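Sequence positions in the sequence shown follow the UniProt record's numbering and run 1 to 436.
Just so you know, even glycine gets a beta-carbon here, dropped at the ideal spot from N, CA and C.
On a predicted model such as this, the values are computed, not experimentally measured, just so you know.
Following: one structure in structure tokens, then a few remarks.
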Amino acid sequence: MEAAEGFIGYYVSLQCDNDSTYEGEVKSIDPERQLITLTHAHQMTADGRDMKFPQITLTGNHVNNLKIIRQKLKIPDLNQHIQDQQKSEKNKKRTSPPNRDPDNTYNSYNNTKPAQQQRKKSGTFTSQDASEISMFPDFDFQQNNARFDKQAVYEKMLQETDSIPNPAPLYDPKMRSQDNILESEPVSLRQIQVPLEHAGKEFATEDGFIIPAITLSLKMKLYAAAEKAGLSIHQLVETSGICVSQMAIQLVGGALRLNPKNSHQRPEIVVLAGCHTQGLQAICTARHLANHRCKVVLYFPNSSPELQPQINLFQSAGGKIIKSTRELPSQPVDMIIDAMVGHENHQPTPWLPYAVSWANQNKAPVMSIDPCIPNSKVDLPNIKWAISLGLPLIKSPTPGRLYLADLGIPRGVFRDAGIQYVSPFKDKFCIPLYES
């Protein structure tokens, strides 16, 4: 205790574990609680800020280094010295006879008053020259630093007490504000499960979640369950058209190609559609692309009363419809969207080989909507991108890149179709898939 009180009055510098340095005069030290109090202190942070405190108390476990800047000053009490000098002069006046020296009177050559002359003679204010008083003597840093054994002081403080009541919490300096400090349960990567008789090839998302491919019969069962629950085929077609058109716009250049200032560089897209559900989805996609100022040409050689409302909407958006392969563009376009072969109709059509041949010769990248190979006799174009709807199909061609679109089917409808489903889309409506 006496060794700790010996530092009171010292001017010290404390380097703490929060990359801050505190300097000030030691006011008190509590060895039992390992506390040190500084007065007239100021804090210097790592970013260069300097904050002043009239008084601050620090704990010993936060102090990494301690340096003595100045020892306790022993400044002479000038006021007491002046009072003692005045008493001595008064005693001299009482014992000595009055001074009749004519120099103490007013004269023509001395304008100084007697009281001022008396203070000059007696030296009332100080008994020595001001230059001889050393307020702040020179400090030998090396000598005083060698005298201080920080390790011994800390060991003595630790011997006196084993713990500090209510110590300040220690934080990991590597922990960031966005880091999760709560332990989370392991996440299962197989959150979508299908019946074994409908299972086959598997894909994976960017996060590693397994996406199983299903048979065509299970997808038809899923669509039937959705329609029974109130989600009509027209709603599914509209949702698929939005997802496919969004992906097509991104693949052809996005906002740079659709900038109003670049009207001469608008993307030109050809849509090849058949008379089935995939063709209906392609016509809906063509309408959304035309609404976004793309140059869209729809090749639809058939005539169908069921698809005519979608064709009328496409024409209202400013799209162009052709019925012969001879009318297809002879120059390469930006993209070809393929929906010539459907899931329901497996009969070959006479125009299909010519349309496939034109798509391969045009050298434009082909994106296929939910492709499926019903048999080996059907010809398909060279597919660069493919977009599967809901879940990918087992019998689908191998494209350069596969995407999965969200049709908005609730998980309860998946359960009714015999599929255990958890949405893998997170913040997106269309995600890339990779071979597992």
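I321 and E197 have their C-alpha atoms roughly 42 Å apart.
Comparing alpha-carbon positions, the option among N144, E32, A46 lying closest to T21 turns out to be A46. Residue state for V194 is assigned as coil, using DSSP reduced to three classes. For the 7 Å CB-CB criterion, S245 and T277 do not form a contact. Taking 7 Å as the cut-off, the beta carbon of L231 is found no closer than this to the beta carbon of A417. Per DSSP, the unbroken beta strand (DSSP E) holding D338 starts and ends at 335–339. Here the alpha carbons of R176 and I68 stand approximately 35 Å from one another.
Annotated as distal: P267 and C243, with beta-carbon spacing of 7 Å or more. Across the set L389, T325, I419, M340, the C-alpha of L389 shows the shortest separation from the C-alpha of I431.
When DSSP states are grouped into helix, strand and coil, R326 belongs to the helix group. According to DSSP, Q55 shares a beta bridge with T39.
Close CB contacts of E435 within its chain, under the 7 Å cut and outside five residues either way in sequence, are with F203 (chain order). The beta carbon of H292 sits closer than 8 Å to the beta carbons of S245, I249, L258 from its chain, once the five residues preceding and following it are set aside; these are given in chain order. A Cβ-Cβ distance of about 7 Å is found for the pair R287 and G319, placing them in contact under the 8 Å criterion.
Distances from the alpha-carbon of Q43 to those of V12, I337, D30 put V12 closest. The secondary-structure analysis by DSSP pairs E435 across a beta bridge with F203.
Its Cα nearest to that of Q361, the residue P329 stands out among E25, T349, P329. In the three-state reduction of the DSSP assignment, E238 falls in the helix class. In this structure, T205 and P424 form a Cβ contact; the two beta carbons are roughly 5 Å apart against a cut-off of 8 Å.
A364 and G48 have their C-alpha atoms roughly 60 Å apart. Following the DSSP letters along the chain, one finds Y354 inside the alpha helix (DSSP H) bounded by residues 352–362.
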